[in-house]
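Visitor:
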Amino acid sequence: MDTIIYFLLTIAFFILLIIGILLAKQDGWIDVSNVLLLVIIALLYDNGILALGKFIGEGDLLKALNEIRYWLHALITPLLVLFAWHTIVNTKIKWASKKGIQWLVIFLTLFFIIFELYSLVPSFSLEPTWKNGVLSYTKNEEDIPVMIIGVSIILLITSILVWWKQRWPWYFIGILSMGLVPILNYLLQINAPHNIAEFLLIVALLATKAYQQKRLIQEKSRLS
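First residue of the sequence shown: 616, per the working numbering; consecutive thereafter.
Take a look at the structure:
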């Protein structure tokens, strides 16, 4: 069951990647919100390796492929801080564009990356794990997800600001989907609810990007 879910999620993230590329081409590649493309690529890879794990089989190849999953998680996920900041810049909240806030955003992004790498390297020993027919390599001891908690709080706060300023609740609803993980895990008895919630979150973030791009285009057309 889980293998099928991971295959479906891999296909779904590929579709989201295409949509994200089309949005980037429309708005221009030099745009902070395009970091979302890197996040989608990382999640596409993550679900793809989980889906293919048992077909690749235990060994150095699968272990190396799973190590990349962890490195991508540490290096790419904190970039969502930049995306979150950019969403409130698009709401025209004045303080969001101040230099001090920009440096704070850069600091937080780098802090989460460095913290995740620092906690990852010393304990980076992966062992083969079978769960619901899915073969992967995982760490024996799971650390407290400080980076995930920090990024989630930032996304939550900015989603509330976007809802308040632009009457767009879907960003906020996408963040809340992460809270469905324990419920889905209990009801469906699968190990993929976190990945499903990540997909729902990315859909919400991509929809927010498209919505804000549309608003900016409409504002420019009115001014001209």
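The beta-carbon is built from N, C-alpha and C at its ideal position, and this holds for glycine as well.
Between residue 658 and residue 628, is the Cβ-Cβ spacing less than 8 Å?
Guide: Within the sequence shown, numbered from 1, the residue matching residue 658 stands at position 43. Within the sequence shown, numbered from 1, the residue matching residue 628 stands at position 13. Yes, Cβ-Cβ distance for residue 658 and residue 628 is below 8 Å.
Visitor: Do you know offhand how far residue 732's Cα is from residue 795's?
Guide: What you label residue 732 is simply residue 117 of the sequence shown in a count that begins at 1. What you label residue 795 is simply residue 180 of the sequence shown in a count that begins at 1. Roughly 28 Å separates the two Cα atoms.
Visitor: Around the C-beta of residue 672, are 16 or more other C-beta atoms found within 10 angstroms, so that it is buried, or is it exposed?
Guide: Position 57 of the sequence shown, counted from the first residue, corresponds to residue 672. Exposed.
Visitor: DSSP three-state call for residue 760: helix, strand or coil?
Guide: In the sequence shown, the residue the question calls residue 760 occupies position 145. Under the three-state reduction of DSSP output, residue 760 falls in the coil class, being neither helix nor strand.
Visitor: What did DSSP end up calling residue 644 once you bin it into helix, strand or coil?
Guide: Residue mapping note: residue 644 aligns to position 29 of the sequence shown, counting from 1. Here residue 644 sits in coil by DSSP.
Visitor: Output the boundary residues of the beta strand (DSSP E) element that contains residue 746.
Guide: For this step, residue 746 is matched to residue 131 along the sequence shown. Residues 741 to 746.
Visitor: With residue 744 and residue 734 assumed to form a contact (beta carbons below 8 Å), what rounded beta-carbon distance in angstroms separates them?
Guide: The residue labelled residue 744 in the question sits at position 129 within the sequence shown. The residue labelled residue 734 in the question sits at position 119 within the sequence shown. So it is not a contact: roughly 20 Å between Cβ atoms.
Visitor: Helix, strand or coil for residue 754 per DSSP?
Guide: Within the sequence shown, the letter at position 139 stands for residue 754. It is a strand residue.
Visitor: Could you pull the DSSP bridge partners for residue 749 from this structure?
Guide: Residue numbering aside, residue 749 sits at position 134 when the sequence shown is read from its first letter. For residue 749, which the question treats as bridged, DSSP gives the partners 746.
Visitor: Name the residue from 637, 822, 715 whose alpha carbon lies nearest to the alpha carbon of residue 788.
Guide: Taking the sequence shown and counting its residues from 1, the one referred to as residue 788 is at position 173. Among 637, 822, 715, the Cα nearest to that of residue 788 belongs to 822.
Visitor: Thinking residue 770 and residue 695 are a contact (beta carbons under 8 Å), I'd like their distance in whole angstroms, please.
Guide: Position 155 of the sequence shown holds residue 770. Position 80 of the sequence shown holds residue 695. About 6 Å; that satisfies the 8 Å criterion.
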